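According to my numbering, the sequence shown is numbered sequentially starting from 3.
One structure is given below, encoded as structure tokens.
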Amino acid sequence: MIKTQIAAGEARAGEGLNAVNSHAMVRRREHAPLHGWKESYAMMLAVLVLAALPLAGQTGVIPLEGTWQFRLDAEKSGSHMKWHEQRFEGDVIFLPGSTDQAGFGLKTAAASRGWLSRPFVYEGAAWYQREVVVPGAWRGKRLELFLERPHWETRVWLDGKEQGMRNSLSTPHVYDFGTAVEPGRHTITICVDNSYKIDVGRNAHSVTDHTQTNWNGIAGRIELRSADPVWIGQIHITPQLAAMSARVRVTVRNATGRPVTARLSAAEVTTQIEVPGAEATAELIVPYPGAKPWDEYEGNLQPLTVSLAAGPFRHQWQGRFGLREIAVRGRQFTLNGRPIFLRGTLECNIFPLTGYPPMNVEGWARLFRIARQYGLNHFRFHSWCPPEAAFEAADLAGFTLHVELPVWSGAVGKDPVLTEFMREEGRRIQDVYGNHPSFTMLCLGNELRGDFDVMDQMLGELKLRDPRRLYTFSADHVRRVPGPTSDYYVAHNTASGPVRIHGARYARTNDGAMRDHSAHAARFTIPMVAHELGQWVTLPDYSEIGKYQGVLKPRNLEAFRAQMEARGLLGQNREFHLASGRFAWRLYKEDIEASLRTPDWGGVQLLQLQDFPGQGEALIGLLDSFWETKGIMEPEEMRGFFGATTALAKFAKFAWTNDETFTATLMAAHYGKTPLNGAVAEWSLTDGSATVASGATKPAEIALGQVASLGVINVPLAKVAKASRLRLEVRLPAARTQNFWDIWVYPNREPAPPGGILISRSLDDAARRELAQGGKVLLTLPAGVQTSGAMPMRFLPVFWSLSWFPKQPGHLGIYCDPAHPALASFPTSNGSDFQWWDVTENSAAFILNDTPSAFRPIVQVIDDYHRNHKLGAVFETRAGRGRLLVSSFDLVNDLSTRPATRQLRASLLAYMASPQFDPQFELPAALLDRLFANAAPKEPQ
3 MIKTQIAAGE ARAGEGLNAV NSHAMVRRRE HAPLHGWKES YAMMLAVLVL
53 AALPLAGQTG VIPLEGTWQF RLDAEKSGSH MKWHEQRFEG DVIFLPGSTD
103 QAGFGLKTAA ASRGWLSRPF VYEGAAWYQR EVVVPGAWRG KRLELFLERP
153 HWETRVWLDG KEQGMRNSLS TPHVYDFGTA VEPGRHTITI CVDNSYKIDV
203 GRNAHSVTDH TQTNWNGIAG RIELRSADPV WIGQIHITPQ LAAMSARVRV
253 TVRNATGRPV TARLSAAEVT TQIEVPGAEA TAELIVPYPG AKPWDEYEGN
303 LQPLTVSLAA GPFRHQWQGR FGLREIAVRG RQFTLNGRPI FLRGTLECNI
353 FPLTGYPPMN VEGWARLFRI ARQYGLNHFR FHSWCPPEAA FEAADLAGFT
403 LHVELPVWSG AVGKDPVLTE FMREEGRRIQ DVYGNHPSFT MLCLGNELRG
453 DFDVMDQMLG ELKLRDPRRL YTFSADHVRR VPGPTSDYYV AHNTASGPVR
503 IHGARYARTN DGAMRDHSAH AARFTIPMVA HELGQWVTLP DYSEIGKYQG
553 VLKPRNLEAF RAQMEARGLL GQNREFHLAS GRFAWRLYKE DIEASLRTPD
603 WGGVQLLQLQ DFPGQGEALI GLLDSFWETK GIMEPEEMRG FFGATTALAK
653 FAKFAWTNDE TFTATLMAAH YGKTPLNGAV AEWSLTDGSA TVASGATKPA
703 EIALGQVASL GVINVPLAKV AKASRLRLEV RLPAARTQNF WDIWVYPNRE
753 PAPPGGILIS RSLDDAARRE LAQGGKVLLT LPAGVQTSGA MPMRFLPVFW
803 SLSWFPKQPG HLGIYCDPAH PALASFPTSN GSDFQWWDVT ENSAAFILND
853 TPSAFRPIVQ VIDDYHRNHK LGAVFETRAG RGRLLVSSFD LVNDLSTRPA
903 TRQLRASLLA YMASPQFDPQ FELPAALLDR LFANAAPKEP Q
């Protein structure tokens, strides 16, 4: 049936203050920072969508969106003062909406530290009141008040009589007004309290200001509904794929106070049910001959109408479901018997325009469309459960959803109030959203701690109650092994080590494209999913600031931009943004491919496709916070390594020499619709437009769910005469997909260094004499040495957030002009790539804040936006009569095992020997002394 659904927009993070004194509150909005909020809501209210709610068949609906009388109650005295018996006058607010949107609360001016700022912050009780006219036709009907997504606890009064309390963070709050409400004018009073009465965890994305904000209000549909006093209260649909039917459990409720006999029908199936008391349950088997299953390729939905007749009473439920079966086979997930790989991202309740999630289908359909363009098929909702509209959109898009209770806590099983809330919330989520085929996984919360036995028991109860999906007790946890009741295991670390680049051996040894997680997978008998993969930081593009036109303001980003401008670097913001973003993209690619190279691996859940503006401004997305492109990559690039079928390659390293033979194993990870018969991998190794080698593998049969080795290629590199960047492309025509990797080939020997250049490891007397005599000096900082004028540097950039995890070097890769003559013999892009590993690992970056604004190093280092140092790794300067080129990279030690560094050194020396070596700046001698002062071995990172 057609329902009105409020398109109450978006949501996201902000301030973080506790309940404040009412005298500090803004009682009326003093200005209009959120201009046009009523007009925006009026447009949103025009959206009509098909809603498949558990209670979907009421005979009448009065929408209650619009203007409500309003009172703040920061001191929580309203109940004691019997506000529910009073008629409100004065302030008004528009619902659906929030106090943030209306401009009520504590007015703020300062930037929040670590997340976006809320111009108006309120935590506590707020009261909403309006009158409603019950029509005469509703006499004797059962009435209920439907609040789709309040935040957080609600209490409701009808004409001054309390109707109860609800506190779900995940499901609608529904109040049964009974059958005795007379036609005419009535007053509904609602108290919404967003205080932290239950400790779900201050960082849980259901409540935290780091993401959606701890807002006060009601989002989505607000309705007064009527139905006959015998009605369909609950529908539980279990798809039976093999039989092409649905087992429909119908709960009939009875408010007449006497036994009734009801007739239920669905399609051609009819049954009779006796309801002697308040409720009874019946079961129907409804056939669906010829129906198409639901999967990630086809969001096939089947209509279901269940009708009830009980004497004079009638009721009808209408909805849709999907014929699907989600299961586990060994260490793989299966959907309808076919192996699947979760290509997922987190959705952390990040909606900066409204501070809460979209309540309309189109708002969610947009996110799933974008995610599909980038190859994804799965969302994990981190410590929260989305609204109905998200499930409907996912049903249509064919996305699988991992949903969590709204909890990120260390006290599960130890805090009895929290534990009971979790039990109840899990059951509510099952009942309200359980018929959606996209709802394939349920988890108790994020990175839970506490009593694991209690968690295992709780999960077992939920599984037994509703076995239509898979369950796991926590998304990562300190136990490092799956619980006995878990169907799958989400982890970033196991007893055998990390399942991602961060923290892994790769962080200190360049393993090329060889990594997989076979050793981890072999430890378990259920599917493993890589937890929160990625988290590589990108410098923000400050032109994004103008997008924040809603309830959250980027005051923190404005401060970072001002600091970057003060350092004379703002003109390079876009270049730094793209270079750091492309570096992050390369690391995401390698992280993802390591999982795809692993046989019997369950999937990945990225953190994440879009930015996370909280927890220390963790700007780790390949898209921005609004799900819009950063310009880092095109969707087809990501689909090439994150699709249903992916061409893969295993090779030992990224930097080679021309006396070696490049060897790679070509592979395919296949999770498509059908097996690939006679699949061939076509490959080429090119140097720009010139082909170095090419070929094709023998035809192979690739089964569903298989990570298949298709063949080994061997390419002698002797004919690569000069340093080159080569691209390996692998195409799978049968799957219409391709992937690529860059490798670097260098001469196997460094040419003899040109004469007339002194190479020194310190600014010692010999170096000073050479410069004083008009000579040239290459000054290089030895590896592992720290000076007072430099900061440590490693290959990998910031993980998650420098302010959240401060004990990391804190850079975002390098930036350079590839056309600079100093790099003429060192092929590179403008940012970090894997050939820079042996150059940058265990190195340093000079702090050059005191240099002239226009001074630019040859190789810059992009500092994290929390510091915005002007950093350089290779720069040139005049030094009196002499000329000096300075490198914070070690260009002397272990060159036989560091081919990229050897080649960079050769390129720099060739430049120094040329007439082009003509520095335009002369940095003060005192500054150079400071850069090399107090040299000492640095502490290990």
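Cβ coordinates follow ideal geometry from the N, Cα and C atoms, glycine included.
Bear in mind that the values here come from a model prediction, so they are computed numbers and not experimental data.
DSSP-derived helix/strand/coil call for N575: helix
Contacting residues, own chain, Cβ-Cβ under 7 Å from A935 (five flanking each side not counted): T789, S790 and G791
Burial state of S488, where buried means 16 or more other Cβ atoms lie within 10 Å: buried
Per-residue burial, R29 [other beta carbons within 10 Å of its own, 16 or more giving buried]: Summary for R29: the model assigns pLDDT 42, below 50, so the residue's position carries little reliability; its value from the coordinates is reported in the next sentence. Exposed.
The ligand SAH heavy atom lying under 7 Å from the CB of F857: As for the ligand SAH, it is missing from this structure, which has no ligand bound.
The region 350 to 361 touching the region 380 to 391, judged by at least three CB pairs closer than 8 Å: yes
F923 beta carbon less than 8 Å from that of T879: yes
Contact under 8 Å by Cβ, L325 with P241: yes
Entirely enclosed alpha helix (DSSP H) segments - the region 77 to 112, minimum 4 residues: 101 to 104
Terminal residues of the beta strand (DSSP E) in which L608 lies: G605 to L609
Where the alpha helix (DSSP H) containing V419 begins and where it ends: P418 to Y435
Those residues which DSSP pairs with E595 across a bridge: For E595, which the question treats as bridged, DSSP gives no partner whatsoever.
Close-in-space but distant-in-sequence residues of the same chain around S119 (CB under 8 Å, 5 per side omitted): G16, E17, T110, A112, A113, L554, K555, P556, R557 and N558
Spatial neighbours of A104 in its chain, beta-carbon cut-off 6 Å, leaving aside the 5 residues before and after: I95
Proximity to F614 [Cα-Cα], best of V539, E133 and P137: V539
Reference G186, options V722, F891, A139 and L773, closest by Cα: A139
Residue from A523, Y376 and I431 with nearest C-alpha to Q610: Y376
Beta-carbon proximity of I224 to V252, cut-off 8 Å: no
Neighbourhood of L55 by C-beta, 7 Å cutoff - its chain only, sequence neighbours within 5 removed: For L55, the predicted model reports a pLDDT of 34, less than 50, meaning its position is unreliable; a value from the coordinates is still stated below. So the list reads E390, once near-sequence residues are dropped.
DSSP beta-bridge partners of Y817: G833 and Q862
Contact set for W839: own chain, Cβ-Cβ below 8 Å, skip 5 residues either direction: N512, F656, A657, F797 and A902
Whole-angstrom distance between P808 and K549, CA atom to CA atom: 29 Å
Separation of L814 from G645, as counted between CA atoms: 28 Å
Simplified DSSP assignment, three categories, for P319: Looking at the sequence provided, one finds Trp at residue 319 rather than Pro. Reduced to three states, the DSSP call for W319 is strand.
Closest by C-alpha distance to Y198, when choosing among P799, S916 and F423: F423
Unbroken stretches of the beta strand (DSSP E), 3 residues or longer, contained in the region 687 to 739: 692 to 698, 702 to 704, 708 to 718 and 726 to 734
Under the three-state DSSP convention, the category Y550 falls into: coil
Whole-angstrom distance between I745 and F664, CA atom to CA atom: 9 Å
Per-residue burial, L466 [other beta carbons within 10 Å of its own, 16 or more giving buried]: exposed
Close beta carbons around T69, own chain, < 7 Å, minus the five adjacent residues each side: V94 and F96
Host alpha helix (DSSP H) of W366 (start-end): V363 to Q375
Local Cβ density within 10 Å of T272, reported as buried at 16 or more and exposed below that: exposed
Cβ neighbour criterion (16 or more within 10 Å) applied to M167: exposed
Cβ-based burial, A21 [other Cβ within 10 Å; buried from 16]: With a pLDDT of 28 at A21, under the threshold of 50, the modelled position of this residue cannot be trusted; read the value that follows with caution. Counting Cβ neighbours within 10 Å, A21 comes out buried, since at least 16 surround it.
Euclidean distance between Cα positions of L668 and R729: 14 Å
Nearest neighbour of L642, chosen from E595, P231, S172 and L804 [CA to CA]: Looking at the sequence provided, one finds Gly at residue 642 rather than Leu. Nearest C-alpha to G642: E595.
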